[in-house]
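Trainee: For reference, the structure I am asking about is given below.
Numbering (my numbering), first residue to last: 1 to 98.
Next comes the structure, spelled out in structure tokens:
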């Protein structure tokens with residue numbers, strides 16, 4: 001428990017669950033990506049429907065949502081905190097010794 005002294009007060013600190021946020025199998029930042037994908041699909045459907053017709057709008061919505069879900073699943077499989085990895089052979093000309 002927290003102890004209270006005259007000069008300083010201590011409070012217990014909540015450190016969280018130490019796990020990434022998860023919703024319907026999506027983790028962390030990919031929840032936002034899924035919301036953006038759904039928004040683009042719905043708004044794109046409405047725009048294409050107004051300009052051309054129902055069938056083309058339905059195809060656009062299906063393709064955009066499928067592409068977004070596919071991209072999210074591929075990136076999520078690589079890891080939530082994946083970083084860019086350079087491919088190739090790197091040659092360092094010299095190294096300074098301390």
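Cβ coordinates follow ideal geometry from the N, Cα and C atoms, glycine included.
Indicate the three-state DSSP secondary structure (helix, strand or coil) for residue 47 in the structure shown.
Mentor: Correct three-state label for residue 47: helix.
Trainee: So, at 7 Å on beta carbons, what are the nonlocal neighbours of residue 51 in its own chain, with the 5 sequence-adjacent residues on each side left out?
Mentor: Around residue 51: no qualifying Cβ.
Trainee: Going by the beta-carbon positions, is the gap between residue 57 and residue 44 smaller than 9 Å?
Mentor: Cβ distance < 9 Å, so residue 57 and residue 44 count as in contact.
Trainee: Just mark residue 37 as buried or exposed, buried being the case when its beta carbon has 16 or more other beta carbons within 10 Å.
Mentor: Classification of residue 37: buried, given that the 10 Å Cβ count is 16 or more.
Trainee: Using the DSSP secondary-structure output, state which residues sit across from residue 123 in a beta bridge.
Mentor: Residue numbering for the chain in the displayed model covers 1 to 98; residue 123 lies beyond these limits and cannot be assessed.
Trainee: Please classify residue 24: does DSSP put it in a helix, a strand, or coil?
Mentor: Of the three classes helix, strand and coil, the one that applies to residue 24 here is coil, per DSSP.
Trainee: Secondary structure at residue 156, three-state DSSP: helix, strand or coil?
Mentor: This structure cannot speak to residue 156, because the chain is shown only from 1 to 98.
Trainee: Do residue 89 and residue 26 count as a contact pair if the criterion is CB distance below 9 Å?
Mentor: Taking 9 Å as the Cβ cut-off, residue 26 and residue 89 do not qualify as a contacting pair.
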